[in-house]
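Only one structure is covered here, and it is reproduced in the block below.
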Amino acid sequence: MKAAVIVFPGSNCDRDAAVALEAATGRPPAMVWHGDAELPASDLIVLPGGFSYGDYLRSGAMAAHSPVMREVIKRAKAGTPVLGICNGFQVLTETRLLPGVLMRNATLRFICKDVHLRVERADSRFTRGYAKGDVVTFPIAHKDGNYFADVETLQRLEGEDRIAFRYCDRGGELTPDANPNGSRNYIAGILNETGTVLGLMPHPERLADPALGGTDGAKMFKGLVESLAA
Amino acid sequence: MKARITITLKPGVLDPQGKAIEGALHALGFGSAGNVRQGKYFEVEVAETDPARARAEVERMCKELLANTIIENYAYELEAA
Chain A
49 MKAAVIVFPG SNCDRDAAVA LEAATGRPPA MVWHGDAELP ASDLIVLPGG
99 FSYGDYLRSG AMAAHSPVMR EVIKRAKAGT PVLGICNGFQ VLTETRLLPG
149 VLMRNATLRF ICKDVHLRVE RADSRFTRGY AKGDVVTFPI AHKDGNYFAD
199 VETLQRLEGE DRIAFRYCDR GGELTPDANP NGSRNYIAGI LNETGTVLGL
249 MPHPERLADP ALGGTDGAKM FKGLVESLAA
Chain B
62 MKARITITLK PGVLDPQGKA IEGALHALGF GSAGNVRQGK YFEVEVAETD
112 PARARAEVER MCKELLANTI IENYAYELEA A
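Protein chains in written order, with the working numbering: chain A, 49 to 278; chain B, 62 to 142.
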């Protein structure tokens, strides 16, 4: 499986993503600079976490218009799986590949901690390593992770079963205290209509090796490799 | 021409920064302050002399980049530079 990681000025999780991908695929991903108009043939495109363009204007807004993104959007629309983590999720909403927007955390604070997530969809390419209802631990590290969409969009996401992960407590319950950033409907990650684009604020690549204190994130990359090899 | 562009949050979109600013105004004794909303302001020089063409350019700038129309409204004024 050939993966590509897009690197923007200000990305800071690109190498973490590359390590997790290499562990799962056995080969290093292509690292593609944002200014490149060419993107190698890829089975998976990853938009990593970080603070692309210093979060100028709005998180992800500038990156969404960088040269390489025109090609990423084209590939995503043609069905190539795209995974956006944290800033990558923000970029995906700014390109409108995913609906909604990530607003400033309700607390106005940058939050860096491990959170519990409930797996809502285990049948997508990204989540087949989990079972529906699993409670997993991923770290979050963001100030703009407060998922917002209008009521119609939220109803559509719920109705089409496109919410992949929700913030929850240790037991899998959705409680206000378990929602770190004020996201509507406890949304931590969503899929596009075809299930080929996933955006999520938490970082699977940061808990993908026992040396990091957990491996819940590794299942996402392993599952992706299995699904793309199938 | 010169465009003065204002971006504001749509009514109903929660604005935690505006709320915090409102709290700070109250703490300073400005009890009259209410419903504070934070927005953005841009000045852009547009290399167009025809107002209709300049307006069309600014519209596109707002829609494609300056505002996220999911949560924000935009308004602008044009004047001869």
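Every residue, glycine too, gets a C-beta built ideally from N, C-alpha and C.
Do you know how far the Cα of residue j is from the Cα of residue i?
i, j, result
"Phe158 of chain A", "Met62 of chain B", "40 Å"
"Asp209 of chain A", "Thr244 of chain A", "14 Å"
"Pro147 of chain A", "Pro252 of chain A", "21 Å"
"Cys123 of chain B", "His113 of chain A", "14 Å"
"Leu255 of chain A", "Gly262 of chain A", "5 Å"
"Tyr104 of chain A", "Glu241 of chain A", "29 Å"
Report the three-state DSSP secondary structure of residue i (helix, strand or coil).
i, result
"Phe269 of chain A", "helix"
"Gly262 of chain A", "strand"
"Cys160 of chain A", "strand"
"Lys63 of chain B", "strand"
"Glu86 of chain A", "coil"
"Arg166 of chain A", "strand"
"Phe99 of chain A", "coil"
"Thr69 of chain B", "strand"
"Asn240 of chain A", "coil"
"Ser275 of chain A", "helix"
"Lys214 of chain A", "For the sequence presented, residue 214 of chain A should be read as Arg rather than Lys. Arg214 of chain A: strand per DSSP, three-state reduction."
"Ala78 of chain A", "strand"
Counting contacts by CB-CB distance shorter than 8 Å, is residue i in contact with chain A?
i, result
"Ile132 of chain B", "yes"
"Pro112 of chain B", "no"
"Val74 of chain B", "yes"
"Ala81 of chain B", "yes"
"Asn129 of chain B", "yes"
"Leu139 of chain B", "no"
"Leu126 of chain B", "yes"
Hey, would you say residue i sits closer than 8 Å to residue j, going by beta carbons?
i, j, result
"Ala32 of chain A", "Arg214 of chain A", "A query on residue 32 of chain A cannot be resolved here, the shown segment of chain A reaching from 49 to 278 and no further."
"Ile54 of chain A", "Val120 of chain A", "yes"
"Ala71 of chain A", "Ala259 of chain A", "no"
"Arg169 of chain A", "Ala212 of chain A", "yes"
"Glu133 of chain B", "Thr67 of chain B", "no"
"Ala85 of chain A", "Val116 of chain A", "yes"
"Gly220 of chain A", "Gly181 of chain A", "yes"
"Pro88 of chain A", "Ala52 of chain A", "yes"
"Leu65 of chain B", "Tyr135 of chain B", "The identity of residue 65 of chain B in the sequence shown is Arg, whereas the question assumes Leu. No, these two residues do not count as a Cβ contact at 8 Å."
Which two residues bound the contiguous beta strand (DSSP E) that contains residue i?
i, result
"Pro187 of chain A", "Val183 to His190"
"Gly79 of chain B", "Not the beta strand (DSSP E): Gly79 of chain B falls in the alpha helix (DSSP H), residues Pro77 to Ala88."
"Leu126 of chain B", "Careful: Leu126 of chain B lies outside any beta strand (DSSP E) and carries neither H nor E."
"Asn134 of chain B", "Glu133 to Glu140"
"Val55 of chain A", "Ala51 to Val55"
"Glu106 of chain B", "Lys101 to Glu106"
State yes or no: is the beta carbon of residue i nearer than 8 Å to at least one beta carbon in chain B?
i, result
"Gly148 of chain A", "yes"
"Phe196 of chain A", "yes"
"Ala154 of chain A", "yes"
"Arg210 of chain A", "no"
"Ala111 of chain A", "no"
"Arg118 of chain A", "no"
"Arg169 of chain A", "no"
"Arg204 of chain A", "no"
"Arg106 of chain A", "yes"
For the alpha helix (DSSP H) that residue i lies in, which residues bound it at each end?
i, result
"Phe196 of chain A", "That residue, Phe196 of chain A, is in no alpha helix (DSSP H); its beta strand (DSSP E) goes Asn194 to Phe196."
"Lys122 of chain A", "Pro115 to Lys125"
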